[in-house]
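J.: Position in the sequence shown (from 1) plus 1 gives the number in my numbering.
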Amino acid sequence: MEWYIKVLKNYAVFDGRASRQEYWMFTLFNILVSIALGFLLGILSGVTKTDQTVLGNIYSLAVLLPGIGVAIRRMHDTGRSGWWCIVPIVGLIFAIEAGNPEANKYGPSPNRQKS
Numbered sequence: 002m003e004w005y006i007k008v009l010k011n012y013a014v015f016d017g018r019a020s021r022q023e024y025w026m027f028t029l030f031n032i033l034v035s036i037a038l039g040f041l042l043g044i045l046s047g048v049t050k051t052d053q054t055v056l057g058n059i060y061s062l063a064v065l066l067p068g069i070g071v072a073i074r075r076m077h078d079t080g081r082s083g084w085w086c087i088v089p090i091v092g093l094i095f096a097i098e099a100g101n102p103e104a105n106k107y108g109p110s111p112n113r114q115k116s
């Protein structure tokens with residue numbers, strides 16, 4: 002949960018680097034929250050007989066910029082431009098691989114910094 006909050010606090014930070022743990026923990030919690038929210042909205046829609054999709058859309062918009070930011074920082078950790086995020090399969094492969102253990106042009110390694 003700490004990683005999820007950390008990414009949300011840095012919602013519009015597109016420079017620097019993000020570790021694999023930071024990226025994947027944010028992704029995991031985002032998926033879990035989305036599933037729980039979808040389940041809750043489904044029940045709420047059935048009970049009230051109204052369309053509740055606006056609440057899901059608000060959550061999606063709220064995590065859009067933080068998600069883009071952490072993905073770009075993850076690409077930076079591997080020594081690549083953040084533009085690789087727009088190539089789905091390649092961006093996923095780069096997000097999986099380990100980051101550079103030493104400093105690169107995007108900053109020091111996030112694994113060596115104290116949180």
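Heads up, the beta-carbon is just placed ideally off N, CA and C, and yes, glycines get one too.
Roughly how many angstroms separate the alpha carbons of leucine 29 and lysine 50, rounded to a whole number?
T.: Cα to Cα, leucine 29 sits roughly 31 Å from lysine 50.
J.: Report buried or exposed for tryptophan 84, applying the criterion of at least 16 other Cβ atoms within 10 angstroms of its Cβ.
T.: When all chains shown are included, tryptophan 84 counts as exposed.
J.: Three Cβ pairs or more, each shorter than 8 Å: is that satisfied between the segment 86 to 98 and the segment 38 to 57?
T.: Contact between the segment 86 to 98 and the segment 38 to 57 is absent, because fewer than three Cβ pairs lie under 8 Å.
J.: Taking C-alpha atoms, which residue in Phe15, Met2, Lys10, Ile6 lies nearest to glycine 108?
T.: Looking at the Cα atoms, Phe15 is the closest of the given residues.
J.: I'd like to know whether the C-beta atoms of arginine 74 and arginine 18 end up nearer to each other than 7 Å.
T.: Contact flag set, yes.
J.: Between the Cα of methionine 26 and the Cα atoms of Asn11, Glu3, Asn105, which residue gives the shortest distance?
T.: If we check each option's Cα against that of methionine 26, Glu3 comes out closest.
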